[in-house]
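Engineer:
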Amino acid sequence: MSMKKFLAPNFAILAVLSIFWLAGVENVVPGDDTHQKNIKKYVQTQRRIIDNYVDKVDINTLYKNSIRGLVKNMSDSTAKIKNTPIDTTFGNVSIEDLSESVEKFEEAYLYMSNNFPKEDMTQRTEDALQSMFRGLDPHSIYIEPKLSENIDDSFSGKFQGIGVQFNVIQDTITVITSIAGGPSDQLGIQSGDRIIKINGKSAVGFDNEDVRNHLRGPKGSKVDVTIKRPNVNENLHFTITRDDIPLYSIGASYMLDDKTGYIKMDKFIQTTHEEFMTSMKELEDKGMDRLVLDLRGNPGGYLHQAIAITEEFFPKGTKIVSTKSRHTRFTSAYYSRRDGYFKNKPLIILVNEGSASASEIVSGAIQDHDRGWIVGQRTFGKGLVQQQYELVDSSKIRVTISKYYTPSGRLIQKPYDKRGGEEYAYEIYKRGTDAKGDVMEFISHVPDSLKYNTDAGRTVYGGGGIVPDHIVQPDTTQSKIVANFMLRKQIGFEYVRDFLDKNGTEFRKKWENNFDQFEKEFEWSDKQMQEVFTRLKNNKMAVRDTLSEPVFKSDTLFVPKGHFEEIEWMPRGLMKAELAKQVWGLKKYYPIRNKLDDTIDKAMEMWDEVAHLQEYASNHTSKPINDHQ
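The sequence shown begins at 513 in the numbering used here and counts up one residue at a time.
1) Rounded to the nearest angstrom, how far is the Cβ of residue 870 from that of residue 818, given a contact under 8 Å?
2) I'd like the span of the beta strand (DSSP E) that includes residue 775, first residue to last.
3) With H, G and I counted as helix, E and B as strand and the rest as coil, what does DSSP make of residue 857?
4) So what does residue 910 bridge to, in DSSP terms?
5) Which of helix, strand or coil does DSSP assign to residue 571?
6) DSSP has residue 1058 in a bridge; who is on the other side?
7) Compute the Euclidean distance between the alpha carbons of residue 597 and residue 622, then round it to the nearest angstrom.
8) Just how far apart, CA to CA, sit residue 816 and residue 735?
9) For residue 1110, I'd like the list of residues in its chain whose CB is within less than 8 Å of its CB, leaving aside the five on either flank, ordered along the chain.
10) Tell me whether residue 799 is buried or exposed, calling it buried when 16 or more other Cβ atoms sit within 10 Å of its Cβ.
11) Indicate whether residue 546 and residue 633 have their beta-carbon atoms separated by less than 9 Å.
12) If we require 4 or more residues per run, which alpha helix (DSSP H) segments fall completely within the segment 1108-1138?
13) Please look up how many angstroms separate the CB atoms of residue 912 and residue 923, rounded, as I've assumed it's under 8 Å.
14) How many angstroms separate the CA atom of residue 749 from the CA atom of residue 737?
15) CB residue 1059 to CB residue 1070, shorter than 9 Å?
16) Looking at residue 980: is its Cβ nearer than 9 Å to the Cβ of residue 951?
17) Less than 9 Å between the C-beta atoms of residue 848 and residue 827, yes or no?
18) State whether the segment 1034-1049 contacts the segment 768-778, with contact taken as three or more CB pairs (one from each stretch) at a distance under 8 Å.
19) Counting contacts by CB-CB distance shorter than 9 Å, is residue 597 in contact with chain C?
20) At the level of alpha carbons, what is the spacing between residue 689 and residue 548?
21) Using 8 Å for Cβ pairs, my map puts residue 675 next to residue 757. What's the rounded Cβ distance?
22) By how many angstroms is the C-alpha of residue 601 removed from the C-alpha of residue 1099?
23) By DSSP, does residue 843 sit in helix, in strand, or in coil?
24) Look at residue 739 and residue 695 and say whether their C-beta atoms are less than 9 Å apart.
25) Grouping DSSP H, G and I as helix and E and B as strand, with all else coil, what is residue 586?
26) Put residue 766 into one of helix, strand or coil per three-state DSSP.
27) For residue 550, which of 594, 572, 836, 907 has the nearest alpha-carbon?
28) What whole-angstrom Cβ distance do residue 781 and residue 814 have, given they're in contact under 8 Å?
29) Can you name the residues that DSSP bridges to residue 940?
30) According to DSSP, residue 813 sits in a beta bridge with which residue or residues?
31) In chain order, which continuous runs of the alpha helix (DSSP H) of length 4 or greater are located wholly inside the segment 1011-1062?
32) Of all the options 855, 807, 1015, which has the alpha carbon lying nearest to the alpha carbon of residue 825?
33) Can you find at least 3 beta carbon pairs, one from the segment 633-646 and one from the segment 712-724, that sit closer than 8 Å?
34) Between which residues of its own chain and residue 560 is the CB-CB distance below 8 Å, once the five residues before and five after are set aside?
35) Roughly how many angstroms lie between the CA atoms of residue 617 and residue 641, to the nearest whole one?
36) Identify which residue in 591, 590, 650 has its Cα closest to the Cα of residue 927.
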């Protein structure tokens, strides 16, 4: 078939399809469903960007970037594209509007499909969509269908499955813990169990995605699993009825001392505010009258949840955040709608370079209103708000619709113009380990236009995250070098797993119903730590008399003689925390793990600073930021 014969009738069909697609009418002309779907995804994606993106967009750039993506990963590396429809310079292309962009993309798409029939046109279309977002911001992205469902689950607050946390160790699915109250927990599936068959077929060799694909499923559906349990001769067979499995955003909630509550918030999902209120009330019942809120490593999430959390710390009418866009429908200001339940409770917020977006909304409002003390390292610097849109095949796109500003007027977003996505993402690692030096370097380059004042007149900075009120250097001591090596090699995890394989029944009988006693009294013996030391040496940790400090080289960690004995307290603590996680779950992991956390220790010494800030704010705040003007 000639090129002319192929293109002419299909252009006629696709031209009609485009008219109906743009009008919102679907499936009006029969044809190749795959091609229709791929072209429609292009139309939907470009239309959403044009209609909703925070800044004005150049449709010509969107088109050319998509064509570059279309050809980028062609399986035929020798393909001639010059002076063809898949050449972005062909005919001096200059796109003026969406209809012209669609027409030209259809032409390129059909040319590739006809002349390179071995190409996977669905994958090429996904490449084109991913590339279309180049030149926008790093947070506007295309999400392919196979990732879309998992991402939705992580923010919805629940998913449907059997309810286990697992690791794939040596090609075998190992249960870390059954989620409390879930289907597996109710059947008695426990940490250390190995899932060796799923629905009668071997599960050995599965990766994480294979496990999720086989164990997740609709509520009420059943799955058969065969389990090898340590110290049990016969394999165990379970038929598990899948159910709703709750996901939690509060990683830990407990008392640091008689009057200090601690909450670790891992992300902002649909249920975060509800979880937070439950945790706060439970802590108040235990005597809490001040709070450490840990937002370290929290990448953000839903804007409305960040607002709901923040307003709990302020009186009614306090400005929390504003959003600005070229579209008036995405431009707004948010104020607390009522007096917060905890508006007078002393507050410290912990942040680091992994605290982003919604985490920065919370900490930015707290700082701008002099409401609490921000402690840690400079935050990531993400001040953009995304809207998610679903495409025809359940894939999704996220489009930045607005920029958010703290109450003082700060845009927290760090620069991203002319930066590749990888360079932007890894900027936080280029800050180095000197948190104070990083802040001094950052502040020295902040122009006056990005300097703002809090309610009480303190100087704060925009354009690159939240600068803490008190900077704490990250722990880079030599004790962490061996600890990080252990984590990377999974030595602590495997030792705990093997310990429970041999001693699980006896251990649970003694400790399972008395975590408080475990926390106070359990210790690894010297013999057990010697076993861990031996495992380290068997996994490329070498002891050398000639060294004065640890050195990592060629996947081997070289340490001075006697070094492990000096820093043994760190592996002891980490393995005790791992033991707590494998027996009680993640919520009991942090009370043990945090005993090794230098930042929390330092924060607990800063309550006088919090009191001084409250006194200073009460004496210096003349015109609060929450005025409606």
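Just so it is clear, CB atoms sit at the ideal spot from N, CA and C, and this is done for glycine as well.
Structural biologist: Reading off the structure:
1) Reading the sequence shown from its first residue, position 358 is the one you call residue 870. Reading the sequence shown from its first residue, position 306 is the one you call residue 818. So it is a contact: roughly 4 Å between Cβ atoms.
2) Stepping through the sequence shown from its first residue, residue 775 is reached at position 263. It spans 772-777 - the beta strand (DSSP E) in which residue 775 sits, taken as one unbroken run.
3) The count along the sequence shown starts at 1 and reaches residue 857 at position 345. Correct three-state label for residue 857: coil.
4) Locating residue 910 in the sequence shown gives position 398, where the first residue counts as 1. DSSP output for residue 910 lists 653, 900 as bridge partner(s).
5) By one-based count along the sequence shown, residue 571 stands at place 59. The answer is helix: DSSP assigns residue 571 an H, G or I state.
6) To locate residue 1058, count along the sequence shown from 1; it is residue 546. Bridge partners of residue 1058: none, in fact.
7) Locating residue 597 in the sequence shown gives position 85, where the first residue counts as 1. Locating residue 622 in the sequence shown gives position 110, where the first residue counts as 1. Cα to Cα, residue 597 sits roughly 9 Å from residue 622.
8) The count along the sequence shown starts at 1 and reaches residue 816 at position 304. The count along the sequence shown starts at 1 and reaches residue 735 at position 223. Those two C-alpha atoms are separated by around 37 Å.
9) As a position in the sequence shown, residue 1110 is number 598, starting the count at 1. Closer than 8 Å at the Cβ level, and outside the excluded window around residue 1110, lie 984, 987.
10) Working through the sequence shown from its first residue, we reach residue 799 at position 287. Classification for residue 799: exposed.
11) Counting from one through the sequence shown, the residue named residue 546 turns up at place 34. Counting from one through the sequence shown, the residue named residue 633 turns up at place 121. Yes, the pair counts as a contact, with Cβ atoms nearer than the cut-off.
12) Complete alpha helix (DSSP H) runs here, min 4: 1110-1115, 1119-1132.
13) Here the question's residue 912 lines up with position 400 in the sequence shown. Here the question's residue 923 lines up with position 411 in the sequence shown. Not quite, the Cβ-Cβ distance comes to about 13 Å (not below 8 Å), so this is no contact.
14) Locating residue 749 in the sequence shown gives position 237, counting from the first residue. Locating residue 737 in the sequence shown gives position 225, counting from the first residue. C-alpha separation (whole angstroms): 6 Å.
15) Translated into the one-based positions of the sequence shown, residue 1059 becomes position 547. Translated into the one-based positions of the sequence shown, residue 1070 becomes position 558. The Cβ atoms of residue 1059 and residue 1070 sit closer than 9 Å to each other.
16) Position 468 of the sequence shown holds residue 980. Position 439 of the sequence shown holds residue 951. Contact flag set, yes.
17) Your numbering for residue 848 matches position 336 in the sequence shown. Your numbering for residue 827 matches position 315 in the sequence shown. Yes.
18) Flag = no, the segment 1034-1049 and the segment 768-778 do not touch.
19) Given the protein chain composition of this structure (a single chain), no chain C is represented.
20) For the purposes of this step, residue 689 is identified with residue 177 of the sequence shown, where counting begins at 1. For the purposes of this step, residue 548 is identified with residue 36 of the sequence shown, where counting begins at 1. So the alpha carbons of these two residues sit roughly 45 Å apart.
21) On the sequence shown, position 163 is the one that residue 675 refers to. On the sequence shown, position 245 is the one that residue 757 refers to. For a cut-off of 8 Å, the C-beta gap from residue 675 to residue 757 is around 5 Å, short enough to register as a contact.
22) Counting from 1 along the sequence shown, the entry for residue 1099 is found at position 587. Counting from 1 along the sequence shown, the entry for residue 601 is found at position 89. In this structure, the CA atom of residue 1099 is about 57 Å from the CA atom of residue 601.
23) Here residue 843 corresponds to residue number 331 of the sequence shown, with the count starting at 1. Residue state, collapsed to three classes: coil.
24) Sequence index remark: in the sequence shown, residue 739 carries index 227 (1-based). Sequence index remark: in the sequence shown, residue 695 carries index 183 (1-based). Not a contact, by the Cβ cut-off of 9 Å.
25) As a working note, residue 586 is residue 74 in the sequence shown. Residue 586: coil per DSSP, three-state reduction.
26) Taking the first residue of the sequence shown as position 1, residue 766 is located at position 254. Strand, per DSSP.
27) Mapped onto the sequence shown, residue 550 falls at position 38. Per the C-alpha coordinates, the member of 594, 572, 836, 907 positioned closest to residue 550 is 907.
28) The count along the sequence shown starts at 1 and reaches residue 781 at position 269. The count along the sequence shown starts at 1 and reaches residue 814 at position 302. By a beta-carbon distance limit of 8 Å, residue 781 contacts residue 814. Their separation comes to about 7 Å.
29) Residue numbering aside, residue 940 sits at position 428 when the sequence shown is read from its first letter. Note: residue 940 sits in no beta bridge, so no partner.
30) Numbered from its first residue, the sequence shown carries residue 813 at position 301. For residue 813, the pairing in a beta bridge is given by DSSP as 780.
31) Counting only runs of 4 or more, we get 1027-1033, 1038-1050.
32) In the sequence shown, counting from the first residue as 1, residue 825 sits at position 313. Of the candidates 855, 807, 1015, the one whose C-alpha sits nearest the C-alpha of residue 825 is 855.
33) These segments do not touch.
34) Position 48 of the sequence shown, counted from the first residue, corresponds to residue 560. 901, 909, 911.
35) Counting from 1 along the sequence shown, the entry for residue 617 is found at position 105. Counting from 1 along the sequence shown, the entry for residue 641 is found at position 129. Residue 617 and residue 641: Cα-Cα distance of roughly 11 Å.
36) Counted from its first residue, the sequence shown places residue 927 at position 415. Of 591, 590, 650, the residue nearest in Cα terms is 650.
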